[in-house]
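Okay, structure first, notes after.
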Amino acid sequence: MASDFGTFVSPNITPDPEFGIGDWSFQDFVRAVRHGVAPDGSPYYPAFPFEFYATLTDRDMADMWAAVQEVPPSNFVPEENEVPLPFSIRQGVKLWRNFFYEPVDYVVDETKSTSWNRGRFMVEGPAHCAACHTPRNFAGGLDTDAQFAGASGGTAGWTAPPITTEALAEGGWTEESLIAALRTGLTPTGDAFGGAMAEVVHLSTSYLLDQHIEDMAEFLMDQ
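Just so you know, we're using the UniProt record's numbering here: the sequence shown kicks off at 1 and counts up by one.
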């Protein structure tokens, strides 16, 4: 994943004990996913969206852990991150966390429907929509005062449009068209998502339950 701070490469998370996470405990897995901390105590780069996974329940974590165990082990060794100094000093992430680490804190809005709240949980949590659609400051921290206002990848060359309710409505989006787009990748105008969003649909949202996509669309059109 290209960024203004370098190119980050995802690790092997198959249950291979040497090259993957096969020697991890369930507690190691939870700490990594929810808090962004490796079993040895070193911090993960925020290219891994652990801030958004903080809301995952114990059941969610147990289900994810069980799914990972069913993946065939692989001895594949990914390439190293291509991150220049000073960002290559991983311990510097601890300093970054002191200023910019803001794990999602999900609280049910009693004035809204159950489906709206489920949609908010998905959008603000595990779907991590803000990771791309919210601008970041000079240090890569999210500008939470401009949530979903749109962002760009700077030197990485990508752009994520605003997905606030107002911006979506102005763009001609409806709940129905959002549902269709998150399932198929087709926009209301008949165009297809490109770049990173095409990957999001192909590898993520197209697998969601209909209820989850419907709930996400309901929340996005009424934030």
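Even for Gly, the Cβ is constructed at its ideal location relative to N, Cα and C.
Only a predicted model underlies this, so the values are computations on that prediction, with no experimental measurement involved.
Counting only the Cα atoms, threonine 134 lies some 7 Å from leucine 142.
If you look at threonine 165, you'll find it in the alpha helix (DSSP H) that goes 165 to 170. According to the DSSP assignment, leucine 178 belongs to the alpha helix (DSSP H) that extends over 175 to 184. Contact between threonine 144 and glutamate 199 does not hold, since the beta-carbon distance rounds to 25 Å and is not under 8 Å. Ser74 is the residue among Met216, Ser74, Phe26, Arg120 whose C-alpha sits nearest the C-alpha of proline 11. Annotation for glycine 20: Asn12, Ile13, Thr14, Pro73, Ser74 place their beta carbon closer than 7 Å to its own, counting only its chain and skipping 5 residues before and after.
Pairing alanine 47 with serine 3 gives a Cβ-Cβ distance under 8 Å. In the same chain as glycine 140, and ignoring 5 residues on each side of it, the C-beta atoms closer than 8 Å to its own belong to Ser3, Asp4, Phe5, Pro46, Trp96, Phe100, in chain order. For the pair glycine 119 and phenylalanine 52, the CB atoms are not nearer than the 8 Å cut-off.
For glutamate 80, no alpha helix (DSSP H) encloses it, and the DSSP letter there is neither H nor E. The three-state reading of DSSP puts glycine 153 in coil, since its state is none of H, G, I, E or B.
Contact between the stretch 60 to 74 and the stretch 15 to 35 is present, with at least three C-beta pairs closer than 8 Å. Contact annotation: phenylalanine 26 and glycine 36 have beta-carbon atoms that are not nearer than 8 Å.
Comparing C-alpha distances from glutamate 214 to each of Phe148, Leu182, Gln223 shows the shortest one belongs to Leu182.
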